[in-house]
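Here's the structure, in structure tokens; my notes come after.
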Amino acid sequence: MKKLGRWVFIFLSGMGIMVYLLIGKHVLDEISQKKKYTECSIENIQSREKEEWGIYPKDALTYLEEEEKKDAPLSFVFWREKKEQMIENKELFRSSTFPVVEICGNSSLLFPDEFPLKKEDVEGCLIGEDAAWQLFGDSNVIGKSLIYGEKTYFIQGVLPKTDIFVCQASKDGDFLLNSITFYGDNYLEKEKIKEQLGNEYSLSLEESPKYWYFIFARAALFLFPMCFMVFFLFLSRKKKRLFKGMVFLTILFLIGGIVFIFDITPDKLPNRLSDIDFWIEAFQKGKKDLFSLLGIE
């Protein structure tokens, strides 16, 4: 009876791990895809009077047009987010407040796999599915119109599971776009793009701490198999040889877990592991970004 129970336990454990790995693979695929889109704040002071950080829309469009003329143009979009802005549906006499994202560039860099709003689409907009239900009572709203800032926009796409409103920033707008998002396939490519944007357009960029979300997600995925390792280590405590082997495997598993959670790859490491300045700088930056994410001064 004990043997049967043991085999049932092993079978259920194996099935559980299989299901977990399938779900984990799907989650990791989404995480790795999103990590290719790097969000940065623009740390240039373009307006001394307002003491704000960012870039004016007319300058942003100039940079985008200059980039399009190149043989191998970079993919980036400038943007800013405004909280609680009034959006009106005059046909149904409905209105409500939603977050608004004003962009200069292609919206697909902010919302991958969704309908792209290009920089030429000055009368087009995207709306979140939740916002569409509030303003129209339906999510089938492509082609319908909305009013934002006394200007009429026509809906070109619906973003699932959100209440956001997205439109192109006015070319003559007297405001600053304080963020930029660009596409880079890997860490080295992203660092090269940041350097290129700084050299060519004098943009001082600070990467958003959102990568901590990816670290937390990876840590959560690692927690489940780690619990199994600890459980098997506990079961083997009475058999010395097996216990020593399990301790060794658990240590290797922990090291592998650290590499997995923090996505440590050779291109992210210094030439010499004894480079103390590199590790101090990396620790300080990680601490600063984590505190920023948690809202700690």
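Those letters in the sequence shown? Residues 6 to 302, per our numbering, in order. Beta carbons are placed, not taken as given, at the ideal position from N, Cα and C, and that holds for glycine. Because the structure is a prediction, the values reported are computed rather than measured.
(1) Mind the definition here: the segment 103-119 touches the segment 77-91 only if three or more C-beta pairs lie below 8 Å; say whether that holds.
(2) Closest to THR102 by CA distance: which of GLU89, GLU128 and LYS95 is it?
(3) Taking the straight line between their C-alpha atoms, what separation do you get for SER52 and LEU182?
(4) Strictly under 9 Å for the Cβ-Cβ distance: is ASN204 near chain C by that measure?
(5) For GLU205, count the other beta carbons within 10 Å of its own beta carbon; 16 or more makes it buried, fewer makes it exposed. Which is it?
(6) What is the DSSP secondary structure of TYR206, reduced to helix, strand or coil?
(7) Using three-state DSSP, classify ARG85 as helix, strand or coil.
(8) Take every Cβ of the segment 91-98, pair it with every Cβ of the segment 137-145, and state whether three or more of those distances are shorter than 8 Å.
(9) Since PRO104 is in the alpha helix (DSSP H), which residue starts that stretch and which ends it?
(10) Please identify the residue among SER213, TRP58, GLY129 and SER184 whose C-alpha is closest to the C-alpha of PHE170.
(11) To the nearest angstrom, how far is the alpha carbon of ARG99 from that of ILE152?
(12) Is the distance from the Cβ of VAL127 to the Cβ of GLN201 below 9 Å?
(13) Quick check on the DSSP output: the beta strand (DSSP E) that includes LYS156 runs from which residue to which?
Looking at the atomic coordinates:
(1) yes
(2) Sequence index remark: in the sequence shown, residue 102 carries index 97 (1-based). Per the Cα distances, GLU89.
(3) Translated into positions along the sequence shown, residue 52 becomes position 47. Translated into positions along the sequence shown, residue 182 becomes position 177. Note that SER52 scores 49 on pLDDT, short of 50, meaning its location in the model is unreliable; the coordinates nonetheless yield the value given after this. Taking the straight line joining both Cα atoms gives about 11 Å.
(4) Considering every chain present, this structure includes no chain C. It has just one protein chain.
(5) As a working note, residue 205 is residue 200 in the sequence shown. Looking at its Cβ environment, which holds fewer than 16 other Cβ atoms inside 10 Å, GLU205 is exposed.
(6) Start at 1 with the first residue of the sequence shown, and residue 206 comes out as number 201. TYR206 falls in the helix class under three-state DSSP.
(7) Counting from 1 along the sequence shown, the entry for residue 85 is found at position 80. ARG85 falls in the strand class under three-state DSSP.
(8) yes
(9) Looking up residue 104 in the sequence shown gives position 99. Premise fails: PRO104 lies in the beta strand (DSSP E), 99-109, not in any alpha helix (DSSP H).
(10) As a working mapping, residue 170 is identified with position 165 in the sequence shown. Out of SER213, TRP58, GLY129 and SER184, GLY129 has the C-alpha closest to the C-alpha of PHE170.
(11) On the sequence shown, residue 99 is found 94 positions in, with the first residue counted as 1. On the sequence shown, residue 152 is found 147 positions in, with the first residue counted as 1. Between ARG99 and ILE152, the alpha-carbon positions lie close to 11 Å from each other.
(12) Walking along the sequence shown from the start, residue 127 turns up at place 122. Walking along the sequence shown from the start, residue 201 turns up at place 196. Cβ distance not < 9 Å, so VAL127 and GLN201 don't count as in contact.
(13) In the sequence shown, counting from the first residue as 1, residue 156 sits at position 151. Start and end: 156-164.
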